[in-house]
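Asker: After the structure tokens below, expect a handful of questions from me.
Number of protein chains: 2
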Amino acid sequence: MNNIYIIGIGLIGGSLAIDIKSNYVGAKIFGIDSNESHLDEALNLNLIDEKATYDDLYNADLVILSIPVDKAVIELPKVLDRIGEQTLVIDVGSTKFPVCKSVENHKNRRHFLATHPIAGTEFSGPKAAIAHLFDKKTNIICEVEKTTFKLQEKALQLFRDLGMRIRYMNPEAHDKHIAYVSHLSHISSFMLGKTVIDKERNERDIFDMAGSGFESTVRLAKSSPAMWTPIFKQNRENVIETLDEYINNLKHFKALMEAEDFDAIYNEMKNTNHIKDILKGLV
Amino acid sequence: MNNIYIIGIGLIGGSLAIDIKSNYVGAKIFGIDSNESHLDEALNLNLIDEKATYDDLYNADLVILSIPVDKAVIELPKVLDRIGEQTLVIDVGSTKFPVCKSVENHKNRRHFLATHPIAGTEFSGPKAAIAHLFDKKTNIICEVEKTTFKLQEKALQLFRDLGMRIRYMNPEAHDKHIAYVSHLSHISSFMLGKTVIDKERNERDIFDMAGSGFESTVRLAKSSPAMWTPIFKQNRENVIETLDEYINNLKHFKALMEAEDFDAIYNEMKNTNHIKDILKGLV
């Protein structure tokens, strides 16, 4: 893999650039980004070697599409229009059904592999790129059977070199499940931040009392609205379903508080405590 | 400060023991705990030097009451009954109104200082005790004027030596504000954990897809129900109020999703993003 084109040099694209550079000595990284100042930043940070355009894509061994999911469904067909015989194209978006749908009938569909590396931070842009972001993380691959065997192999080698473990899923199941373990966490965090910020307007000094527990639960509220709005839009129905269940659980907890049923409250928490064991497998 | 009695040798009591030992060469730490196996553990871990009983308290320079808040309101008056002329008693509970109320008319009220060190982890018991837990953390002191000046001084010296910064508040304001920045975070986390665990029962492998974002938002769901149930009980009205506001914010977000008003959703997130700057001051 010599010529690697990254479309969208932010947290994910930039972090991939760092790890690919350190794994493949001969690799040359080309950057494409609608945001010119991000491209300059990426050059200055040595994330990319050169700027490029779509007209260069015929030359690519690998194209990584790491842009917001609403842009991905528009750009992916254009990318597949321009690639060469040898080119593997992957996307890394947080929703998988729409992006797969966007190219289902494209003549070059077999050059594309839909992936979702479950890795990231609450920061964004080229400066947020960090090394080893993908090490020991899960990468979910969708519709693997629609990609040519040779390019599947190429992709799997890359993910292995980056330290990722692979899980296969269909796009519908991915979008449904990820709503629970990722999208809902973001909404929970944003709304928690909002609730406390609203209060702070009237009651000074609340934040002076906040500790690491609060910090942990609202960390995701630092995330980029430009990235997350399109995710919520594309995964609207699943997200609404998770929100419904979450709100119902909170209302039930509140009802128990109102009824002063503290035995039941104890049990609610006790039953959720085994999240410990579940999370152990994660970290 | 030579003779220090810690009632309740768990995460907080044990961590205080570690820091006090390393700050005061002559200090001898006595442990009192209703859980005999915790006491043995604390001895084995060198958190305490000796076991003790309430009958020894007349001898104490400092008594730290670090037990669940429902126990604290029962034990604190008994402790104040038994202390010596020189004894300072502090509690470290997450609610402050009930504990202050429990001794408002006690003849030894002036020996007591109500404090809430905003420090902790999601773990509990003697094994959870760690060094430097209180370094650079906020300690909220309530009703400082009700403690004798000499014992105030003694307490402040201790908190300084442990690296804490001090904030003064009345107990009502403490309980109201802490509901927002701590108690609500715990409920949000427990219910998020519950929502996903419930789903996992029907849909296997959800947790395989979880990343660091999910981990961060559900971390507090590992917390001890035995510690948290009494906190929610004592701070019931404030907690219900925060829950109400949080649920309303989530319902509003859901309504925007249903209405497909993604500009408004973008703004909801954008407006909460400045939590970044707020949290910077924290860490």
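If you're matching them up, the sequences are chains A and B in order.
The first sequence: position 207 = 207 (the UniProt record's numbering), numbered continuously.
The second sequence: position 90 = 90 (the UniProt record's numbering), numbered continuously.
For each residue, glycine too, the CB sits at the ideal point set by N, CA and C.
1) When the Cα atoms are used, what is the spatial distance from residue 57(B) to residue 197(B)?
2) Quick one: does residue 258(B) have its CB under 8 Å from some CB of chain A?
3) Answer yes or no: do residue 246(B) and residue 220(A) have a C-beta to C-beta separation smaller than 8 Å?
4) Give me the subset of the region 203 to 223 of chain B whose CB atoms are less than 8 Å from a CB atom of chain A, sorted by chain position.
5) Quick test of the definition: if touching needs 3 or more C-beta pairs under 8 Å, does the region 29 to 45 of chain A touch the region 154 to 166 of chain A?
6) With DSSP collapsed to three states, give me the class of residue 119(B).
7) Alpha carbons only, please: which of 127(A), 123(A), 94(A) and 135(A) is nearest the one belonging to residue 236(A)?
8) Counting pairs of beta carbons, one from the region 165 to 178 of chain A and one from the region 227 to 235 of chain B, are three or more of them closer than 8 Å?
9) Less than 8 Å between CB atoms is the rule here; does residue 245(A) satisfy it with respect to chain B?
10) If I'm right that residue 63(B) touches residue 73(B) with Cβ under 8 Å, what's the distance once you round it to whole angstroms?
11) Is residue 193(A) helix, strand or coil when you go by DSSP?
12) If the cut is a Cβ gap below 8 Å, which residues of chain A does residue 253(B) touch?
13) Whole alpha helix (DSSP H) runs in the region 5 to 34 of chain B with 4 or more residues, listed along the chain?
14) Could you tell me whether the Cβ atoms of residue 120(A) and residue 66(A) are closer together than 8 Å?
15) Which residue or residues does DSSP assign as beta-bridge partners of residue 63(A)?
16) Taking CB distances under 8 Å as the criterion, tell me whether residue 115(B) reaches chain A.
17) Can you pull the chain B residues whose beta carbon is under 8 Å from the beta carbon of residue 99(A), in chain order?
18) Take residue 218(B) as the anchor and find which of 201(B), 225(B) and 193(B) has the nearest alpha-carbon.
19) Looking at residue 116(A) and residue 285(A), is the spacing between their C-beta atoms short of 8 Å?
20) Which class does residue 268(B) belong to by DSSP, given the choice of helix, strand or coil?
21) Could you tell me the alpha carbon to alpha carbon distance between residue 272(A) and residue 24(A), rounded to whole angstroms?
22) Give a yes or no on contact between the region 128 to 146 of chain A and the region 10 to 19 of chain A, applying the rule of three or more CB pairs nearer than 8 Å.
23) Counting only Cβ-Cβ distances shorter than 9 Å, please list the residues of the region 261 to 276 of chain B near chain A, keeping chain order.
24) With burial defined as no fewer than 16 other Cβ atoms inside 10 Å of the residue's Cβ, what is the status of residue 81(B): buried or exposed?
25) Quick one: is residue 95(A) near chain B, going by C-beta distance under 8 Å?
26) Just checking: is the beta-carbon of residue 225(B) within a distance shorter than 8 Å of some beta-carbon in chain A?
27) Let me know the secondary structure DSSP gives residue 41(B) once reduced to three states.
28) Could you give the residue range of the beta strand (DSSP E) that holds residue 167(A)?
29) Could you name the residues of chain D that residue 240(B) contacts, counting a contact when the two beta carbons are closer than 9 Å?
30) With 8 Å as the threshold, decide whether the Cβ of residue 177(B) is near any Cβ in chain A.
31) Does residue 31(B) pass the burial test, meaning 16 or more other C-beta atoms within 10 Å, or should it be called exposed?
32) Can you find a C-beta in chain B that's less than 8 Å from the C-beta of residue 249(A)?
33) Between which two residues does the alpha helix (DSSP H) holding residue 249(A) run?
34) Using the three-state DSSP reduction, which class does residue 130(A) fall into: helix, strand or coil?
35) Got a sec? Which residues, its chain only, sit under 7 Å from residue 26(B) by beta carbon, not counting five neighbours each side?
36) Going by DSSP in three states, residue 57(B) sits in which element: helix, strand or coil?
Answerer: On the basis of the data shown:
1) Along the second sequence, one-based indexing puts residue 57(B) at 57. Along the second sequence, one-based indexing puts residue 197(B) at 197. So the two alpha carbons sit approximately 46 Å from each other.
2) Stepping through the second sequence from its first residue, residue 258(B) is reached at position 258. So yes, residue 258(B) belongs to the interface.
3) The residue given as residue 246(B) occupies position 246 in the second sequence. The residue given as residue 220(A) occupies position 220 in the first sequence. Not a contact, by the Cβ cut-off of 8 Å.
4) 203, 205, 206, 207, 208, 209, 210, 211, 212, 213, 214, 215, 216, 217, 218, 219, 220, 221, 222 and 223
5) no
6) Translated into the one-based positions of the second sequence, residue 119(B) becomes position 119. Here residue 119(B) sits in coil by DSSP.
7) Here residue 236(A) refers to the residue found at position 236 of the first sequence. It is 94(A) whose Cα lies nearest to the Cα of residue 236(A).
8) no
9) Position 245 of the first sequence, counted from the first residue, corresponds to residue 245(A). Yes, because at least one Cβ of chain B sits closer than 8 Å to the Cβ of residue 245(A).
10) The sequence position of residue 63(B) within the second sequence is 63, counting from 1. The sequence position of residue 73(B) within the second sequence is 73, counting from 1. Not a contact, Cβ separation roughly 15 Å.
11) Numbered from its first residue, the first sequence carries residue 193(A) at position 193. Here residue 193(A) sits in helix by DSSP.
12) In the second sequence, residue 253(B) corresponds to position 253, counting from 1. Near residue 253(B) (Cβ distances below 8 Å), the residues of chain A are 187, 190, 191 and 243.
13) 11 to 23
14) The sequence position of residue 120(A) within the first sequence is 120, counting from 1. The sequence position of residue 66(A) within the first sequence is 66, counting from 1. No. Outside cutoff.
15) Residue 63(A) sits at position 63 when you count from the first residue of the first sequence. Answer is 5(A) and 89(A), bridged to residue 63(A).
16) For the purposes of this step, residue 115(B) is identified with residue 115 of the second sequence, where counting begins at 1. So no, residue 115(B) is outside the interface.
17) Stepping through the first sequence from its first residue, residue 99(A) is reached at position 99. Correct list: empty, because the minimum Cβ distance to chain B is about 17 Å.
18) Position 218 of the second sequence, counted from the start, is the residue given in the question as residue 218(B). For the residues 201(B), 225(B) and 193(B), the minimum Cα distance to residue 218(B) belongs to 193(B).
19) Residue coverage of chain A in this structure runs from 1 to 283, which leaves residue 285(A) outside it and unanswerable.
20) Working through the second sequence from its first residue, we reach residue 268(B) at position 268. Residue 268(B) falls in the helix class under three-state DSSP.
21) The residue given as residue 272(A) occupies position 272 in the first sequence. The residue given as residue 24(A) occupies position 24 in the first sequence. Going from the Cα of residue 272(A) to the Cα of residue 24(A) covers about 44 Å.
22) yes
23) 262, 263, 265, 266, 267, 268, 269, 270, 271, 272, 273, 274, 275 and 276
24) Counted from its first residue, the second sequence places residue 81(B) at position 81. Residue 81(B) is exposed by the Cβ-count criterion.
25) Here residue 95(A) is taken as the residue at index 95 of the first sequence, counted from 1. No, residue 95(A) does not count as interfacial toward chain B.
26) In the second sequence, the residue the question calls residue 225(B) occupies position 225. At least one chain A Cβ lies under 8 Å of residue 225(B).
27) The residue given as residue 41(B) occupies position 41 in the second sequence. In the structure shown, residue 41(B) sits in a helix (DSSP, three-state: H, G or I).
28) Within the first sequence, the letter at position 167 stands for residue 167(A). 165 to 169 is the extent of the beta strand (DSSP E) around residue 167(A).
29) Chain labels in this structure do not include chain D; the protein chains are A and B.
30) Here residue 177(B) is taken as the residue at index 177 of the second sequence, counted from 1. True, the Cβ-Cβ gap to chain A drops below 8 Å.
31) Locating residue 31(B) in the second sequence gives position 31, where the first residue counts as 1. It counts as buried.
32) Reading the first sequence from its first residue, position 249 is the one you call residue 249(A). Yes - at least one Cβ of chain B is within 8 Å of the one on residue 249(A).
33) In the first sequence, residue 249(A) corresponds to position 249, counting from 1. Note, residue 249(A): alpha helix (DSSP H), 236 to 258.
34) Position 130 of the first sequence holds residue 130(A). Coil.
35) Residue mapping note: residue 26(B) aligns to position 26 of the second sequence, counting from 1. Excluding sequence neighbours, residue 26(B) sits near 2.
36) If you number the second sequence from 1, residue 57(B) lands on position 57. Here residue 57(B) sits in helix by DSSP.
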